[in-house]
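What follows is a single structure, written as structure tokens, with notes after it.
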Amino acid sequence: MREQTTPRVFTSDLRDERNAALLGVALGVTFTVCFVTGVLSHLIQDPPSWFQWPSRPAGLYRVTQGVHVATGLASIPLLLAKLWVVFPKLFAWPPFSSVAHLVERLTIFPLVAGGVFELFTGLADTHLWYPWPFGFRAAHYWVAWITIGALVVHIGAKWATTRSVLFVRDPTDAYLSVAERPSGTHRQRESAFDRRTFLASVFAAAGAVTVFTVGQTVSPLRKLALLAPRRPDTGPQGFPVNRTAATAGVVEGARSPEYRLLVEGKVRRKLVFTRDQLLAMPQHEATLPISCVEGWSTTQRWRGVRVRDLLDRAGADSAAEVRVHSLQRRRAYRFSDLNRWHAHDPDTLLALEVNGEPLDIDHGYPLRLIGPNRPGVMQTKWVTRLAVR
Amino acid sequence: MIPPRYGRAFWIALPIGTALMAFGAVGLVGDMGVGAGAKVGSWLVGADVAHDFVLAPIACLVGAAAARALPRWCRAPTQAALLTSGVLLIVVFPALRGFGRDQVPDNPSVQPLDYTTATLTALAAVWAAAGVWVVVRLATAARGRRRPPSRATPGDHPTSPR
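Rendered as structure tokens:
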């Protein structure tokens, strides 16, 4: 086998196997966390028959999706640093030294391309910025499988190297002075920026990203969320909106005196309510988070009618499931499904008020769904019909 | 560079990883169609090219220039601050340019801040931290000159003899 050489223009001794291995382990952890929480979010929004997402604990989705976005953002400096460390290998010559090496190098493309793609599309999505000509959700989801597959191959390929590098005492450890270090193939230079400092700086950069964005979901840190696209305390009635009534095209319908809520489907009695009739029903109050898939979340005090009270009044089955329809006619999320647990949870409400005021039209006036442990996109606004199944 | 060797872990991981990649690729085309799938593919290539031939060369040039131009006493803190500033600018750049906000003009809760001020504030905090680091290094170095330590401290050796 011929030995590979990399261009001599790359002189930094920070580009060694140990830095590559340590950053690789960190990225292995963060990408796995993003993958698991992301697939979970996908299953919740689009459940197959074998998957039932519980309605409790109420704040679980807030945590998993907050972790998904925060971990993805913190992965940006880790991935860039890792790619900087291994960058000379891109130009190694000859390009491969065995068939196995060729196969491994070919899977580096989906790994790097997928990693950069996932972090970029994820970051842009948190800003509601969609500069690409395809649907975000499907692309982000399927490319995640490609990326994680390439990561599995990469971990297999680097398993032995990583183990030997991490568990064997490092000859270039920082407490040896530069003069004592074994000389490498490139010229020995004083490096004030030694490996520990380099790794500490990369993790500090990841920490800085987190500090300046995580306040979009961790309310006590909201004042530090200087670089986040959302503030959990900014918007109509003091919290953010994802889709406004005007964008959804529901302003007229929501304000119309003809507005009604219908309860129909597999029920003994079809029911029709005006807003005033709903207000005359027993009202229930619940303090629940609204947890957006884009990573912001905020807890508010909601008041309205329990979905399960409406189901009881309509004579629905105690195991009934419900599709909640919005006034919105077009686009995704114009309805959402309540499985058995969500439909009958005592805190799953059709809310009329938030924090003691009637809902703002951008928060779903006259009536919105709000329930425990649900993605924000499934807290349907401008509710006009419950289809019981 | 020593040619890599592949152990059992690679031959176990290869079929599993390949199956996952195939699942993703088939799912992508099946779910989105061939046309949109091809567009995603071209964006994947674009993501790779943008990193390898735009972002990485710029980062290497800036890093190399900083390594050569900066005096030793402030090199590490400056490089760390440059890295952090670059990453923070990547994270905030859609908001700085108003990308996203321009799609929802009626929704002021998207990107609600003055991001120029916000970004400058965050960068000021980063560079202030780097400044503190420089001062601590210089102070440690000055103390070390007066009273040499009995043994070297791992990871922090601004005073070690050159």
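In order, the protein sequences belong to chains Y and G. Each residue of the first sequence is one higher than the one before, starting from 1 at the first, in this note's numbering. Each residue of the second sequence is one higher than the one before, starting from 1001 at the first, in this note's numbering. Don't be surprised by glycine CBs; every beta carbon is placed ideally from N, CA and C. Values in this document were obtained by computation on a predicted structure and should not be read as measured data.
Kindly list the residues whose CB is nearer than 6 Å to the CB of residue 1111(G), restricted to its own chain and excluding five residues on each side of it in sequence; keep chain order.
-> Excluding residues up to 5 positions away in sequence, 1095, 1101 lie with their Cβ nearer than 6 Å to the Cβ of residue 1111(G) in the same chain.
Mind checking if residue 1043(G) is an interface residue toward chain Y, Cβ cutoff 8 Å exclusive?
-> yes
Secondary structure of residue 184(Y), DSSP reduced to three states = Bear in mind that a pLDDT of 46 at residue 184(Y), under 50, signals an unreliable position, so the model cannot answer this.
Between which two residues does the alpha helix (DSSP H) harbouring residue 289(Y) extend?
-> Looking at the DSSP string, residue 289(Y) is not in any alpha helix (DSSP H); the run it does join, the beta strand (DSSP E), is 284-291.
According to DSSP, is residue 56(Y) helix, strand or coil?
-> coil
Buried or exposed for residue 328(Y), please, with buried defined as at least 16 other CB atoms from any protein chain shown within 10 angstroms of its CB.
-> buried
Residue 247(Y) versus 1104(G), 1034(G), 1097(G), residue with shortest Cα-Cα distance | 1104(G)
Do we get a CB-CB distance below 8 Å when we pair residue 1052(G) with the residues of chain Y?
-> yes
Looking only at its own chain, which residues have a Cβ that is under 6 Å from the Cβ of residue 67(Y), when we skip the five neighbours before and after it?
-> 37
When the distance is taken between beta carbons, is residue 366(Y) closer than 8 Å to residue 286(Y)?
-> no
Taking residue 1106(G) as the reference, give the member of 259(Y), 30(Y), 140(Y), 236(Y) with the closest Cα.
-> 236(Y)
Does DSSP put residue 1018(G) in a helix, in a strand, or in coil?
-> Note: residue 1018(G) maps to helix in three-state DSSP.
Given residue 1004(G) as reference, the closest of 210(Y), 139(Y), 99(Y) once Cα atoms are compared = 99(Y)
Taking only the alpha-carbon atoms, compute the straight-line gap between residue 88(Y) and residue 344(Y) and give it to the nearest angstrom.
-> Rounded to whole angstroms, the separation of the alpha carbons of residue 344(Y) and residue 88(Y) is 58 Å.
Listed from N- to C-terminal order along the chain, which residues in the stretch 1089-1107 of chain G have their beta-carbon within a distance smaller than 7 Å of any beta-carbon of chain Y?
-> 1090, 1091, 1092, 1094, 1095, 1099, 1100, 1103, 1104, 1106, 1107
Starting from the C-beta of residue 227(Y), find all residues in its chain whose C-beta is less than 8 Å away, skip the five residues before and the five after it, and write them out in chain order.
-> Closer than 8 Å at Cβ, skipping near neighbours: 209, 212, 213.
May I ask you to report which of helix, strand or coil DSSP gives residue 347(Y)?
-> coil
Alpha carbon to alpha carbon, what distance is there between residue 223(Y) and residue 1029(G)?
-> 43 Å
How many whole angstroms separate the CB atoms of residue 69(Y) and residue 126(Y), which I take to be in contact at a CB cut-off of 8 Å?
-> Right, the Cβ-Cβ distance comes to about 6 Å (below 8 Å), so this counts as a contact.
Could you please tell me which residues of the stretch 258-273 of chain Y, in chain order, have their CB closer than 9 Å to any CB of chain G?
-> none
Beta-ladder partner(s) of residue 383(Y), from DSSP = 326(Y)
In chain Y, which residues lie with their C-beta within 8 Å of the C-beta of residue 1048(G)?
-> 109, 112, 113, 116
Can you give me the Cβ contacts of residue 1159(G) inside the same chain, cut-off strictly under 6 Å, excluding the 5 residues immediately before and after it?
-> Bear in mind that the predicted position of residue 1159(G) carries a pLDDT of just 44, short of 50, making it unreliable; the figure below should be weighed with that in mind. Result list for residue 1159(G): 1141, 1144, in chain order.
Between residue 82(Y) and the ligand GTP, is the CB less than 7 Å from at least one heavy atom?
-> The model depicted lacks the ligand GTP and carries no ligand whatsoever.
Buried/exposed call for residue 1033(G), threshold 16 Cβ in 10 Å = exposed
Determine the chain G residues that contact residue 248(Y) at a beta-carbon separation under 9 Å, and present them in chain order.
-> None at all; the shortest Cβ gap to chain G is about 11 Å.
Can you find a C-beta in chain Y that's less than 8 Å from the C-beta of residue 1155(G)?
-> Note on residue 1155(G): pLDDT 46, under 50, position unreliable in the model; the coordinate value appears next. For residue 1155(G), at least one C-beta of chain Y is nearer than 8 Å to its own C-beta.
Sort out for me which residues DSSP pairs residue 337(Y) with in a bridge.
-> According to DSSP, which records beta bridges pairwise, residue 337(Y) is partnered with 323(Y).
Can you find a C-beta in chain G that's less than 8 Å from the C-beta of residue 132(Y)?
-> yes
Just checking my contact of residue 74(Y) with residue 206(Y) at CB under 8 Å: how many whole Å lie between their CB atoms?
-> Sure, about 4 Å apart at Cβ, within 8 Å.
Could you have a look at residue 267(Y) and say whether DSSP puts it in helix, strand or coil?
-> Correct three-state label for residue 267(Y): coil.
Could you check the C-alpha separation between residue 59(Y) and residue 25(Y) for me, to the nearest Å?
-> Roughly 29 Å between the two C-alpha positions.
When the Cα atoms are used, what is the spatial distance from residue 1122(G) to residue 111(Y)?
-> 31 Å
Alpha-carbon to alpha-carbon, residue 113(Y) and residue 1047(G) = 6 Å
What are the complete alpha helix (DSSP H) segments, minimum 4 residues, inside the stretch 76-156 of chain Y?
-> For the stretch 76-156 of chain Y, whole alpha helix (DSSP H) runs of length 4 or above, ordered along the chain, are 99-126.
Exposure of residue 31(Y), with buried meaning 16 or more beta-carbon neighbours within 10 Å = buried
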